[in-house]
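Participant: Structure in structure tokens, see below.
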Amino acid sequence: MKHLAVLAALLAPLPALADIDPADWDAVTAQAEGQTVYWNAWGGSTTTNDFIAWVGSRVAEDYGVTLEHVKLTDTADAVTRVLSEKQAGQDDGGAIDMIWINGANFAAMKEADLLFGPYAEQLPNWALVDFENKSVQTDFTVPVDGFESPWAMAQVVFVHDTARMPDRLGSMEALLDWAQANPGRFSYPQPPDFLGSTFLKQVLIDILPDPSVLADPATDENYDAVTEPLWAYLDALTPHLWREGRAYPATGTAMFPLIADGEIDLSISFSPGAASTAIANNELPDTVRTFVLDKGTIGNASFVAIPYNSSAKAGAMVVANFLMSPEAQARAQDPAILGYGTVLAMDKLADDDRALFDALDLGIATLTPAELGTVQAEPHPSWMTRISDDWVARYGVAQ
Amino acid sequence: MHKGLSLRDVTILKGGLPLIRVDHEVAPGEVLTVMGPSGVGKSTLLAFITGTLPAGFTATGAVWLEGHDITHAAAHQRRVGILFQDDLLFPHLSVGANLAFGLPPGGTRADRQARIDAALAEVGLEGFAARDPATLSGGQKARVALMRMLLSDPCALLLDEPFSRLDAALRAQVREMVFDRARSRALPVLMVTHDAEDAQAAGGDIITLGDDCATQTTGARLSHQ
Amino acid sequence: MSRRRLLPLLPALTLLALLGPVAAGLWGTVLPAFGHLPAAGLTGPSLDPFRDLFGWAGLPRAVMLSVGTGVLATVISLSIVMLVTAGWSGTRAFRALERLLSPLLAVPHAAAAFGLAFLIAPSGWLARLASPGLTGWDQPPDLLIVQDSWGLAMTAGLIVKEVPFLLLITLAALGQADAQRSVRVAQALGYGRVTGWLKTVFPRVYAQIRPPVYVVLAYAMSVVDVAVILGPNTPPSLSVQIVKWMSHPDLSFRLEAAAGALLQLGLVIGALAVWRLGEMTVAALGRRWISSGARGKADPAVAGVALLAGSVSALAVFLGLVVMAIWSFAGFWGFPDALPDEMTLRNWARFGPGTLKALGETALIAVTVALVALVLTIGCLEAEYRHNIRVSQRAVWLLYLPLLIPQTAFLPGLQTLMLNLGADVGRVPVMLAHLVFVLPYVFLSLADPFRAWDARMGVIAAALRASPDRILWRVRLPMLLRPILTALAVGLAVSVGQYLATLLIGGGRVATLTTEAVALASGADRRAIGVYGLMQTGAALVPFALALLIPALVWRNRKGLRHA
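Chains A, B and C supply the protein sequences, listed in that same order.
Sequential numbering from 1 applies to the first sequence in this note's numbering.
Sequential numbering from 1001 applies to the second sequence in this note's numbering.
Sequential numbering from 2001 applies to the third sequence in this note's numbering.
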């Protein structure tokens, strides 16, 4: 597998590399100084926005890099932007220097040769990353090949308000039973929203007797048969959703106000610490807790990638490297700040760096790594694409 | 070369059709009165002389002033002064600034201020320089408007129903003052009015414009043509 | 001398600024709509994009939403304004409503929509105020109010913004219609107030306000920001779907977006044509009604309902702003509490710095664009005055043209075209795109007062030997200070409220208060939305306050200009 990745890296288009060598870190930092990096990242979460602003102040301090957060409503916007620049022949000086990315968007950009790299494994802080145990070298089963660098681990958790819903649920079957008994008290973000699509995959993985078929691309032959139980499940669930499934929250964060208002009792999140963070920000009542399913839940990594036509590749690499630093990772994991999982391996850290993590109070609603249980692998992106397209056709139009 | 204002075969056309025709000379210090029902084109004649003919109107003939053909000169280079029935003092400027607007450029500040003060004094408005024109009475405004016009050193004076907004008592007084000043400065004056008393007081030739495009001249003296 | 040569160029330059981007954008839309996008390796012509478009299962509903919400919002807001004016113009109640509605004109659509959502949602302020006392709810009812499938919330969001717009346009038209005397004559003949007004004044007023009514219809049918905030998502309206397709990572969706954009254009043209037919029908029926001699027995009831509707519409925006303000200071605020557990500055401390940065960008763009629009407008009007040009009704329609073409029909094409030309994204192209929308409003706002200026002032000044330039700078512009500043404030407000032009042409790099606020919609963080929404509203309202204040200060000793 590793050899394949190296081979793929060698076969990847090289012209973008001509201007800067990621392995020559001194040259990178020298060139980065004074550069402005436009980081296109989803802007719907104010805690993330605050964190990115903090990253900006730190890289300005240490490296003289100016970081501008371009707030997206949809990461696909940034992908489109780079695509249209390529069509227009704008092969340098592009509008985007870095994208918060993973999954289908990464697969699309990598396939279309829109990314700079490989660079990720040459960054100094890569040495601290737990690539042995955390899925940071594949992204939704697609090999990363150094074209994006990880900066946060995410895992699906269910968020419930114990004041109204005291008990956790162990499986998707249990969730369906609960929803039928408590109509209108559950919802999930509207696919193709990332978290919404993830909910669909989570259903599929949990109800399939053998989910291993999802690791390979979906085929016309197996798709209908494999997903049939999912549609049956959703047909049963939808009438008991919030608003009877005639409207859905736009994103994961849009569900927190619904819980806070008592519109729903149960929701999902892709960030194990987000509920604690939201409690700290007055966005959720302090009776909210999280749980995972008995068989575990889906987890994946968040990455940053650098477009091939970025005008500040060195600056972007400096930011990417800083994101993997113990300082940034510990701050991201602090539930008062962000509550994201770290990509680093604790045993690779120096003692005082490890102390940063040990000192964290994970918050009342955050599960410990042990409680989070099994991390299930993401299915191949082709499943997500087809399932969310199908969902839109079945539930997203003409209700 | 004639001194004074000379209208040579001036025809105003509206939409290509002749509206009025005037051929007349006004000597310095004399007043020509143009009378006629409203809508006949009296004011349009004045607009032609000031160079501000409205859209839809055209004109033939020539206007001479002080021996120069000003027919095609720019409005602000004709040196033709005009007074309307409304005072039309600039509402954003003080009385003094209104007068300063009329005064041609040049001279020291003190010099200009002295001329403005003198002009105000001449019409009995000492100390009014700093006043807001909107706070003046009708008669006071008319006097300021007159002095503003005279300070700009015109070579002729046009009057467009200038006294019709004033009440009877004030009217005679202001009329007297305007004609006096014009006479003392030897300005040719062309007055448009439909008030017979105004025409009488002017004491000059009177043209009555009719519907049939004809021009009739009556009055104390016929013009020398 | 150079200025004299520049002046005749300004009208041409203005037309170019108005229509150039629209024409270019439509061109950039037509090509991909027929499968031609060489940059993506696609060459046309082909009808596949339209085939894909008509194959989309959501299309019938999306089209129905676009047409339904647009027509309904226009009909209702026009009815409210006409009936309120008919029943109440000249009364104290009318002046109160007018005073209430005027500042609302400046409130950006997005802010008004957020405020409305905060108000009418099942967990909104109205439900909180009435619960549990009146309703017995201790948790919000599971009712689909905001983002309802019929687009009613979205229609309401459009109505509350279009009512002030149409009312102010109507007030301007009333001045020229000699309305008071007509109504008095009708009343003397035994007609009720409303019936008398509708039969005598309405035909004249409507002829005057027809272009802005068409603008409202075209805008309401293709709005994006209000639809994102209040509209349904299963499926969304056509314009929102076009923007979604534009941002799909798979390039072929751009072709579908372009086809959708042309469909949107067709829908607007069709709706305008049907509206025109409707006008004729109403006119025919109206003539029969007029000759029937009916005096209007139901008038008081109709007038009462209209006033109520107008007041509710105004109050909805006001209360929406109030609840946004409360959210911006809110600590934890559970349902059904009428007020938060505690008020805190924490939200402002968190989001304030971000809003200041966006405010800087917003102000830079808005001030530049509004000033350019003002210079072009004054240049055109002054050229018209100096060269004695009479402006025909047809030329007025030219001004309205960019407002009648749906934004979603030409902005995506403009973005593609600009990229093809290698034009860099960023502030300057965004400013040019804003100018398309700002210029007509600045022009329409200034044209009447500029033309109404007593031209004899100019004659007098010229007779006082002042050159045309001196007359313009020393007499005309100072006298018109208030309308000029008002036009500038209108321009600023329009620019501040631009969403799609900033988003698409700015390539995401130009972050204004509006794009930041709408971006927050998907996250539904009401505290952040409160902070951004208030800042956005302030950015649009403060210039209007200044436009009132500055002339009052500068001309405090000039009585003659107090009501100019």
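Even for Gly, the Cβ is constructed at its ideal location relative to N, Cα and C.
(1) For A/S84, tell me which candidate among C/L2417, C/D2448, C/I2242 has the shortest Cα-Cα distance.
(2) Is it buried or exposed, A/E431, if we count other Cβ atoms within 10 angstroms and call 16 or more buried?
(3) Among the candidates A/P209, A/D265, A/L293, A/P189, whose CA atom is the shortest distance from the CA of A/S171?
(4) Taking 8 angstroms as the CB-CB limit, is C/L1961 close to chain B?
(5) At a Cβ threshold of 8 angstroms, is A/R58 touching chain C?
(6) Taking a Cβ distance cut-off of 8 angstroms, strictly less, list which residues of the region 1184-1210 of chain B are near chain C, in chain order.
(7) Any chance the region 56-70 of chain A sits against the region 272-281 of chain A, with 3 or more Cβ pairs inside 8 angstroms?
(8) Tell me whether A/N309 sits in a helix, a strand or coil according to DSSP, three-state version.
(9) Have a look at B/V1022 and B/R1183 and give me their C-alpha separation to the nearest angstrom.
(10) Using a Cβ cut-off of 7 angstroms, pull out every chain B residue sitting near C/R2390, in sequence order please.
(11) To which residues of the same chain is A/G299 closer than 6 angstroms at the C-beta, ignoring the five residues directly before and after it?
(12) Quick one: give me the first and last residue of the alpha helix (DSSP H) that A/Y38 is part of.
(13) List the endpoints of the continuous beta strand (DSSP E) containing A/W151.
(14) Counting only Cβ pairs nearer than 7 angstroms, list the residues of chain B close to C/P2478.
(15) What residues match up with A/W100 in a beta bridge as DSSP calls it?
(16) Chain C beta carbons: is any one of them nearer than 8 angstroms to that of B/G1219?
(17) Tell me whether B/H1024 sits in a helix, a strand or coil according to DSSP, three-state version.
(18) At 9 angstroms on the CB atoms, spell out the chain C contacts of B/R1148, in chain order.
(19) By the 9 angstroms beta-carbon criterion, what residues does the region 1075-1101 of chain B contribute toward chain C?
(20) If I'm right that C/A2113 touches C/I2242 with Cβ under 8 angstroms, what's the distance once you round it to whole angstroms?
(21) Can you tell me the Cα-Cα spacing of B/S1043 and B/D1160, whole angstroms?
(22) Nearest CA to the CA of C/V2442: which residue from C/I2269, C/T2408, C/V2367?
(23) Cutting at 6 angstroms between CB atoms, please list the residues of its own chain near B/A1169, excluding the five before and the five after it.
(24) Near B/Q1085, which residues of its chain fall below 7 angstroms by C-beta distance, leaving aside the five closest residues on each side in sequence?
(25) Would C/R2526 count as contacting chain A if we go by Cβ distances under 8 angstroms?
(26) In terms of residue numbering, what span does the beta strand (DSSP E) encompassing A/F270 cover?
(27) Along the region 74-103 of chain A, where does the CB come closer than 9 angstroms to a CB of chain C? Name the residues.
(28) Given a cut-off of 8 angstroms, decide if C/A2073 and C/I2159 are closer than it, judged by their beta-carbon atoms.
(29) Tell me, to the nearest whole angstrom, how far the beta carbon of C/L2262 is from that of C/T2029; I am working on the premise that it is less than 8 angstroms.
(30) Closest to B/H1076 by C-alpha separation, out of C/L2553, C/L2534, C/P2468, would be which residue?
(31) Please classify C/Q2187: does DSSP put it in a helix, a strand, or coil?
(32) Determine the extent of the alpha helix (DSSP H) in which C/L2101 is found, giving its start and end residues.
(33) Does the Cβ of C/I2471 have 16 or more other Cβ atoms within 10 Å, making it buried, or fewer, making it exposed?
(34) My output table needs one value for A/F158: the three-state DSSP class, helix, strand or coil.
(35) Identify which residue in C/F2335, C/A2349, C/V2490, C/V2375 has its Cα closest to the Cα of C/G2133.
(36) I need the DSSP call for C/W2333, collapsed to helix, strand or coil.
Facilitator: So, from the data block:
(1) C/L2417
(2) There is simply no residue 431 of chain A to check, as chain A begins at 1 and stops at 399 in what is shown.
(3) A/L293
(4) Limits of chain C in this structure are 2001 at one end and 2564 at the other, which puts residue 1961 of chain C out of reach.
(5) no
(6) none
(7) no
(8) coil
(9) 23 angstroms
(10) A1055
(11) Q155, V375
(12) No alpha helix (DSSP H) holds A/Y38; the beta strand (DSSP E) holding it covers 36-42.
(13) 148-155
(14) H1092
(15) A/V304
(16) At B/G1219, the pLDDT of 44 sits below 50, so the modelled position is not reliable; the number obtained from the coordinates is stated separately. False, the Cβ-Cβ gap to chain C never drops below 8 angstroms.
(17) strand
(18) I2460, L2464
(19) A1075, H1076, Q1077, R1078, R1079, V1080, G1081, I1082, L1083, F1084, D1086, L1088, L1089, F1090, P1091, H1092, L1093, S1094, F1101
(20) Wrong, their Cβ atoms sit about 19 angstroms apart, outside the cutoff.
(21) 7 angstroms
(22) C/V2367
(23) none
(24) D1160, E1161, P1162, S1164, R1165
(25) yes
(26) A/F270 -> no beta strand (DSSP E), and no H or E assigned at all.
(27) D74, T75, A76, D77, A78, V79, T80, R81, L83, S84, E85, K86, Q87, A88, G89, Q90, G93, A95, I96
(28) yes
(29) 6 angstroms
(30) C/P2468
(31) helix
(32) 2092-2101
(33) buried
(34) strand
(35) C/F2335
(36) coil
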